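Heads up, the sequence shown is in my numbering, so the first residue is 2 and it goes up one at a time. One structure is given below, encoded as structure tokens.
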Amino acid sequence: MSHMGRPKGNGYEAEFSLGPAAEHLSKLLGCSVEFPSHDCVDAETAAAVSAMKPGNVLLLENLRFHKAEKTGDASFAEKLASYGDLYVNDAFGTCHRAHASMVAVPRAMAGKPRVAGLLVEKEIEFLSDAVSNPRKPMVVILGGAKVSSKIGAIEHLLPKCDTMLIGGAMAYTFMRAKGEPTGTSLVEDEHVATAGRAMAAAKAAGVDLLLPIDHMVADKFDHGAPTRAEDRIPDDAVAVDIGPQTALEYARAIQGAKSVLWNGPMGIFEWPGADGGTRTVAEALVRATRAGAVTIVGGGDSAAALDSMGLSTDITHVSTGGGASVEMLEGKRFEAIEVLDTTNE
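Okay, structure coming up:
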């Protein structure tokens with residue numbers, strides 16, 4: 002059972018059907034995968050499940066065709082739970098959600114085996130265990146658009162790392178806190194004080210928190226706009242990437258690390274002229290991995306950047322979860338994990 006996309010929850014929507022997934026799964030497994038109905042809890046599906054023989058495979062229709070999936074409805078979960086004798090959660094990307102299939106179904110299957118799948122086990126091993134007891138020195142690289150989306154990760158990871166590198170648009174909120182010019186770049190005014198507190202906390206903890214020392218800027222925020230390197234962001238320009246000197250400084254900081262954690266690109270890597278910082282950092286991670294470091298990329302845009310550069314397989318672990326990976330890096334509890342059996346036997 003699974004889900005795809007964001008259907009309205011009012012019933013079947015053809016564009017979000019898992020029918021094509023059933024067809025492809027049949028090819029991967031080399032056997033027929035039954036797909037009985039466009040409703041995961043109707044009588045037709047229940048009858049098809051009851052008729053299954055050992056070795057049969059059946060895929061349920063998109064769970065999100067029911068609002069009850071996202072609300073964690075217990076009665077909906079009980080219907081799903083009645084289909085199985087064993088529950089395996091291998092959907093790390095939604096482990097931070099209290100959806101019916103993630104929490105209420107395993108609850109309804111109390112007394113039956115409820116375990117983590119191989120992917121979820123690997124994600125926990127790297128994103129939770131490796132962060133709680135990292136090999137030193139540890140470098141944390143945080144990028145992306147907003148400080149507000151990374152506050153929890155900053156606070157959780159600062160006491161654990163030796164060096165923290167800040168890139169992406171979130172760097173300009175930090176720069177504003179230092180009183181440095183940011184031009185027309187994105188700044189979260191309401192989080193300037195937050196950035197200031199983070200820098201003070203890093204100093205108190207003896208952590209090197211590095212900010213960009215130069216920038217790739219454009220005269221307008223537009224795909225394909227010419228970019229140039231500047232030591233300071235002009236008042237009428239927008240920064241779209243860390244500059245070449247910053248990229249080299251960050252690469253040097255990564256060199257010699259025993260563990261590296263990266264979440265968030267250094268710039269708008271999809272744009273020509275704004276991808277250099279992200280590429281330099283990615284290549285530094287590859288070299289660190291080859292030198293024996295444990296390198297972890299926390300999903301989302303960072304993973305997409307690595308994939309676009311063909312470097313995903315050269316990193317120790319690339320997380321499959323976007324929001325889930327960020328919340329795990331924040332040290333948050335996942336009810337979907339806690340409801341599982343404590344040992345997989």
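For every residue, glycine included, the Cβ atom is placed at its ideal position computed from N, Cα and C. Just so you know, these numbers come straight off a predicted model, no measurement behind them.
Around the C-beta of C32, fewer than 16 other C-beta atoms lie within 10 Å, and the residue is accordingly described as exposed. DSSP lists Y88 as the beta-bridge partner residues of R115. Put simply, the backbone Cα of F93 is about 43 Å away from that of P235. In the structure shown, T228 falls within a strand segment according to DSSP collapsed to helix, strand and coil.
In this chain, H97 is not harboured by any beta strand (DSSP E), its DSSP state being neither H nor E.
When rounded, the separation of the alpha-carbon atoms in L119 and L60 is 19 Å. The beta carbons of M2 and F17 sit about 14 Å from each other, so the pair does not count as a contact at 8 Å. Inclusion of L159 and V208 in the CB contact set at 8 Å is warranted, their separation being smaller than that value. By the CB criterion at 8 Å, E250 and L211 fall inside the cutoff.
Beta-bridge partners assigned by DSSP to D209: T164. Per DSSP, reduced to three states, the secondary structure at T296 is strand.
In chain order, E35, P37, S38, L59 place their CB closer than 8 Å to the CB of A49, counting only its own chain and leaving out the 5 sequence neighbours on each side. With a beta-carbon spacing of about 3 Å, G144 and G265 fall inside the 8 Å limit used to define contacts. T317 sits away from G274, with the two beta carbons spaced by 8 Å or more. Bounds of the beta strand (DSSP E) holding A240 are 239-243. At least 8 Å separates the beta-carbon of V116 from that of V141. Assignment of beta-bridge partners to I338 by DSSP yields no partner. Per DSSP, A219 is one residue of the beta strand (DSSP E) stretching across 216-219. Here the alpha carbons of M217 and H224 stand approximately 14 Å from one another. The residue among I338, F77, E124 with its C-alpha nearest the C-alpha of G323 is E124. A direct Cα-to-Cα measurement between I152 and M103 gives close to 26 Å. Counting C-beta pairs closer than 8 Å gives three or more between the segment 60-71 and the segment 9-16, which meets the contact rule. In the DSSP annotation of this structure, the continuous segment of the beta strand (DSSP E) that includes V140 starts and ends at 139-143. The beta-carbon separation of T247 and I269, rounded to 15 Å, does not stay under the 8 Å limit for a contact.
Bounds of any alpha helix (DSSP H) do not take in L262; it lies within the beta strand (DSSP E) bounded by 260-264. Setting aside the 5 residues that flank it on each side, R136 is surrounded in the same chain by K259, S260, A294, V295, each with a C-beta closer than 8 Å to its C-beta; the list follows chain order.
Beta-carbon to beta-carbon, A292 and T95 are separated by about 35 Å, too far to satisfy the 8 Å threshold.
Distances from the CA of S309 to each of A194, P21, E284 were compared; the closest alpha carbon is that of E284.
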